[in-house]
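**Student:** Here the sequence shown is numbered in my numbering, starting from 542 and rising by one per residue.
For every residue, glycine included, the Cβ atom is placed at its ideal position computed from N, Cα and C.
Since we're looking at a predicted model, the values are computed, not measured.
This is the structure, below, for whatever I ask next.
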Amino acid sequence: YGFALMMNREYDKAVPHFLHGLSLNEDVPHGLNALGYSYIQLGLAKEAAETFQKGLQYDATNPYLLNNFGASLMMTGAVEAGAQHIAQAQQLDPMVPAFQHNLGLIVEMSKTNRWPSE
């Protein structure tokens, strides 16, 4: 049910469902990715980064987790580490538009020295 709420952009309602499901079985990288993404959408970058990092413990080469972990790190101020994770995600799956978009944000950020507002 958390995924349906997330897809409906009801992130605040999705989080408790993800937390409940993950309390039963934490070894679900796509569930951790969805929880972390919901945290990002709620402006909770630190919680998102911790969640993505936990997901990477179970699937260290998951490009979606790497990309989202990188974005959350950049939002918390760890720009270089974040950029490295996003670049790694793009290398693993270069055809994902979101990864290419985030690389563009990194370029813009390097010019303005701040996270682009969208």
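1) What does the alpha-carbon distance come out to for the pair ILE647 and LYS595?
2) Which residues mark the beginning and the end of the alpha helix (DSSP H) in which ALA622 is found?
3) Below 7 Å CB to CB, which residues in the same chain sit around ALA590 once its five sequence neighbours on both sides are set aside?
4) Using a threshold of 8 Å, state whether the C-beta atoms of ALA630 and PRO604 are closer than that.
5) In terms of residue numbering, what span does the alpha helix (DSSP H) encompassing ALA601 cover?
6) If you draw a straight line from the C-alpha of PRO570 to the C-alpha of ASP634, how long is it?
7) Just how far apart, CA to CA, sit LYS587 and MET636?
8) Between PHE544 and the rest of its own chain, which residues show a CB-CB distance below 7 Å, the 5 nearest in sequence each way excluded?
9) Which residue from ALA555, ASP600 and HIS561 puts its Cα closest to that of LEU583?
**Tutor:** Judging by the given coordinates:
1) Approximately 24 Å, taken between the alpha carbons.
2) 620-633
3) Contacts found: PHE610, SER613, LEU614 and THR617.
4) yes
5) First-last for ALA601: undefined, no H or E at that position.
6) 17 Å
7) Using only the alpha carbons, I get a separation of about 28 Å.
8) ALA575
9) Checking every option, the nearest Cα to that of LEU583 belongs to ALA555.
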